[in-house]
Amino acid sequence: GKLIDRVYNTYRLMHTHQTVEFVRRKSAQYGCCSQRRMSVMEALELLDRLVDESDPDVDFPNSFHAFQTAEGIRRAHPDKGKAGPAPARPVPRRVPGPGVTRPRLSPDWFHLVGLLHDLGKVLVLFGEPQWAVVGDTFPVGCKVQKSVVYGDSTFHENPDTKDPRYSTECGMYQPGCGLDNVLMSWGHDEYMYQVMKFNNFALPKEVSSAWGGLRDPREVWGEHPNPVSPPPQAFYMVRFHSFYPWHAHGDYGHLCSEEDRRMLPWLRELNKFDLYTKQEELPDVQQLHAYYQGLIDKYCPGQLCW
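Residue 1 is where the sequence shown starts when you use the UniProt record's numbering, and the numbers rise one by one after that.
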């Protein structure tokens, strides 16, 4: 039908124009976050004007999807306290000994990740075409894998597919180099990740290897007092949540590092609520406003650079 045609055309344009050169150019253009200044809530209000043309499941403004995802996470992982001021420094909690039941994950920052995950789609309101903003992502600079949506019929006009440097399984990358070293197709994931980094969002760092590595999200107790180089799980979820060929289908594993594999449960946990909370019954945003404004004030307050 008309909706599927719209989705296919968005991916056809994406897969024609997303090249190594294009991604590098867009990353340079938006990485300095100099487009405008606005709060998170103001950015969410901009999404009232956006319907994602790559999504066959929704035909309503993307702002509602943000609240649907956040509320789905909140129901499954309820916060045990109100959103108050963030502590001055992380306080590690001890990992329980053998035979002690670990609690389910219940940090309020995970609710905020649900609200933020698609906020990079404001790029459309900055003038970018939807094929450069929305949809599933994939690595540029290497051979396209089978699970890339419509990949068998939409890449024939992409010049990188004819470049021998990019036509092998690894292309311009080394095996196991890690997704942090891979150029992903440009879109809202990478842009929002850059915004979060640029504005120093005060989201917690991951459980480091000193605590036995990253476990299933539902089993996490706390964070290490001196986080090491791997990226925070909140940032990671935003950056790679649209990389379905990997986290849903297992492709591109040859580029992933051990750190990426430790992060995989977090992506899949977010994905449950990103995919399966899209309902025609829309949330009462006014009723939810106070709770999420509290989270914003705690982790990413005020006017931000976009």
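Virtual Cβ for every residue (Gly too), placed ideally from N, Cα, C.
{"Query": "Where does residue 175 fall in DSSP's three states?", "Result": "coil"}
{"Query": "Please determine, among 50, 74, 268, the residue with the shortest C-alpha to C-alpha distance to residue 246.", "Result": "268"}
{"Query": "Quick one: give me the first and last residue of the alpha helix (DSSP H) that residue 189 is part of.", "Result": "188-198"}
{"Query": "Between residue 260 and the rest of its own chain, which residues show a CB-CB distance below 7 Å, the 5 nearest in sequence each way excluded?", "Result": "178, 179"}
{"Query": "Taking the straight line between their C-alpha atoms, what separation do you get for residue 300 and residue 197?", "Result": "11 Å"}
{"Query": "Residue 332 lies in the alpha helix (DSSP H); which residues open and close that run?", "Result": "The chain is shown only over 1 to 306; residue 332 falls outside these bounds and no answer can be derived."}
{"Query": "Let me make sure I understand the geometry here. Which of 63, 199, 8 has the alpha-carbon closest to that of residue 38?", "Result": "199"}
{"Query": "Taking three-plus beta-carbon pairs below 8 Å as touching, is the region 104-120 in contact with the region 71-78?", "Result": "yes"}
{"Query": "Given 8 Å as the limit, is there contact between the region 118-137 and the region 283-302, that is, 3 or more CB pairs closer than that?", "Result": "no"}
{"Query": "Output the distance between the C-alpha atoms of residue 308 and residue 1, rounded to the nearest integer angstrom.", "Result": "Residue 308 falls outside the range modelled here, since the chain spans only 1 to 306, and no answer is possible."}
{"Query": "By Cβ distance, which residues of its chain are closer than 7 Å to residue 249, with the 5 residues on each side in sequence left out?", "Result": "147"}
{"Query": "Mapping the DSSP letters down to three states, classify residue 61 as helix, strand or coil.", "Result": "coil"}
{"Query": "Kindly identify the DSSP beta-bridge partner or partners of residue 139.", "Result": "184"}
{"Query": "What residue range is occupied by the uninterrupted alpha helix (DSSP H) comprising residue 245?", "Result": "244-247"}
{"Query": "Per the DSSP calculation, residue 37 is bridged to which residue(s)?", "Result": "305"}
{"Query": "Using C-beta distances below 6 Å, list every residue in its chain close to residue 175, excluding the 5 sequence neighbours before and after it, in chain order.", "Result": "254"}
{"Query": "Using beta-carbon positions only, say whether residue 191 and residue 141 come within less than 8 Å of one another.", "Result": "no"}
{"Query": "Restricting to Cα atoms, I'd like to know which of 152, 232, 50, 46 is closest to residue 264.", "Result": "232"}
{"Query": "How long is the line joining the alpha carbons of residue 302 and residue 44, rounded to whole angstroms?", "Result": "14 Å"}
{"Query": "Can residue 160 and residue 23 be called in contact, C-beta distance under 8 Å?", "Result": "no"}
{"Query": "In whole angstroms, give me the CA-to-CA distance for residue 306 and residue 274.", "Result": "23 Å"}
{"Query": "With DSSP collapsed to three states, give me the class of residue 203.", "Result": "coil"}
{"Query": "For the alpha helix (DSSP H) containing residue 30, name the first residue and the last one.", "Result": "20-30"}
{"Query": "Taking 8 Å as the cut-off, decide whether the C-beta atoms of residue 283 and residue 64 are in contact.", "Result": "yes"}
{"Query": "Secondary structure at residue 255, three-state DSSP: helix, strand or coil?", "Result": "helix"}
{"Query": "Can you give me the Cβ contacts of residue 285 inside the same chain, cut-off strictly under 8 Å, excluding the 5 residues immediately before and after it?", "Result": "63, 64, 67"}
{"Query": "Have a look at residue 123 and residue 262 and give me their C-alpha separation to the nearest angstrom.", "Result": "30 Å"}
{"Query": "Which residues mark the beginning and the end of the alpha helix (DSSP H) in which residue 155 is found?", "Result": "Careful: residue 155 lies outside any alpha helix (DSSP H) and carries neither H nor E."}
{"Query": "Is the beta carbon of residue 241 less than 8 Å from the beta carbon of residue 189?", "Result": "yes"}
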